[in-house]
Each structure stands twice: as C-alpha cells, then as structure tokens.
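Worksheet for the structure shown next.
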Amino acid sequence: MENWIAAPALAAALLTSSGVGTSTAIAVQLQRAAEIGDSQRIAALLSQGTGIDSRDADGRTPLLTAIRARQIEAARVLIAAGADVNAKDQLQDSPYLYAGASGQTEILQMTLAHGADLRSINRYGGTALIPAAERGHVSTVQLLIKAGVDVDHVNNLGWTALLETVILGDGSQRYAQITQLLIAAGADVNLADEHGVTPLVHARQRRQTVIEQLLRAAGAR
C-alpha cells in the first residue's frame, strides 16, 4: 500500500506548490485510489469533500477509472456515494456504456439501478447493447434487453446489435445465443445495413450456419 501512496503524495505536493490547490491534489489521489481499488481510501477522500465526479486529463471520473480497471468494490463505493453513472469522458465513454461494452455485468447492474440513461450513445453512435453483442457478452446482452434498451437502434455505421452480432461475431455458440436473445426481444431480422444487406445474407456469406438457421426460422429474408 505504501508504494501507491507515495505517487499521489508527490503529485499532491507538486500541484499544491504550483498553486493548483489542495482540492486538485486530492482529486489526483481519488483517481489513483479508484484505479487500484482502495475502497477505504476512496471513502476517506470523499469524506474530505473531494469532488466525486472530478475529471482527469482524459475527462474520466473516478468511477469510470475504477470500471476501466475492473475494480468492482471501488465502483460500488463510488456509485453508492452518488457518482454520475452517465458522465462521459473525451472518448464519449460513460461508466454505464463502458460497463456494458466490456461485459462487466455486476457493475452494469449497479449503473442501471442508479439512473443509467438507456438512450445514451458512444462515439460510434451505438447504445450499450451494440458493443456488448459484438463482443459476445451473453449475460450483458440479456441484462440490457431486460432493462429496455432499443434492440433495433442503428449506429453510425448503419448497424444494429443483430447486424454486429453477425458481421463482427464468429458464429460460435455465444453469438448464436445472442442472436436468439435479440430475436426473442423482437429485433427486426430483416433490418438491413446501409448497403441493403440483411443479417441473413451476412450470415450466409460468413457461413454461420446455426445463426442462418435461427434467422430463417424467425422469418428473415
């Protein structure tokens, strides 16, 4: 524990001596505590009045930093203390969107319980559901569908969650499961990409036999 304390302490000293101020120095320590998952330190810093949604140079809040580092307990403490689950960084990632895209279901559940904006979009114009489907996060897709995310939302590439499942997936069992989940949730199986190519045609071109069968059974053309 002593090793990580030294770096923030040095940063705090430099910031204070340069006139930036104690509050900024403490914010640096909060970011570091979030990154390494030191929940006790986070609570102590917050008790000093540290801004819970302070930003680092990349626009990330301590909560987003904790989630990027997969620090579940740190994220839990910050969310319970009122951290903004929709605060976006310079890349347009928010705690909610990042948790969904990276398949961190436990943290995603926390963000959903604390006001996650289901309509928020990432830098590609996609909801949390689209990258979750693309990356094969079955339980995450299931959770987002249950929460009510639009299954037919189209991103800047002209792709829905179903299209990304087929185009960027590998046709394996988990992608077949995601296809089933999306179909069961009412996804439009004939909603084509910007070139007019449907999920069925994409599946056939990629020899994703199981997914092709699922789509045909759902009325895909």
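Under this note's numbering, residues 1035 to 1255 are what the sequence shown spells out, in order.
Ideal placement from N, C-alpha and C gives every residue a C-beta, glycine not left out.
Small disclaimer: the values here were computed from a predicted structure and weren't measured.
Practice item. Report the three-state DSSP secondary structure of VAL1220 (helix, strand or coil). Key: Checking the sequence shown, residue 1220 turns out to be Gly, not Val. Residue state, collapsed to three classes: coil.
Review point. Is it buried or exposed for SER1206, if we count other Cβ within 10 angstroms and need 16 for buried?
Key: exposed
**Study point:** Within 8 angstroms, strictly: CB atoms of VAL1200 and ARG1169
**Key:** no
Practice item. Work out the CA separation of ALA1162 and LYS1122 for me, nearest whole Å. Key: 13 angstroms
Check your understanding: Considering only residues of the same chain and omitting the five flanking positions on each side of LEU1216, which have a CB-CB separation below 8 angstroms?
Key -> ALA1167, VAL1175, ILE1179, VAL1185, ALA1195, LEU1196 and THR1199
Exercise for review: Could you have a look at ALA1252 and say whether DSSP puts it in helix, strand or coil?
Suggested key: coil
Exercise for review: Identify every run of the alpha helix (DSSP H) within the stretch 1111–1155, keeping only runs that are complete inside it and at least 4 residues long; order them along the chain.
Suggested key: 1129–1135 and 1139–1147
Exercise for review: Consult DSSP for GLN1211 and reduce its assignment to one of helix, strand or coil.
Suggested key: helix
Exercise for review: Let me know if GLN1063 comes out buried or exposed under the rule of 16 or more other beta-carbons within 10 Å of its beta-carbon.
Suggested key: buried
Check your understanding: So what does DSSP say about SER1073, is it helix, strand or coil?
Key -> helix
Review point. Where do the N-terminal and C-terminal ends of the alpha helix (DSSP H) with ILE1201 fall, by residue?
Key: 1195–1202
Exercise for review: Quick one: grab the DSSP three-state call for SER1173.
Suggested key: helix
Review point. Does DSSP classify ILE1086 as helix, strand or coil?
Key: coil
Point to revise | Distance between ALA1133 and GLN1242 (C-alpha atoms, nearest Å) | key: 28 angstroms
Exercise for review: Please name the residue, chosen from ARG1075, ALA1114, LEU1125 and ILE1101, that lies closest to ILE1155 on a Cα-to-Cα basis.
Suggested key: LEU1125
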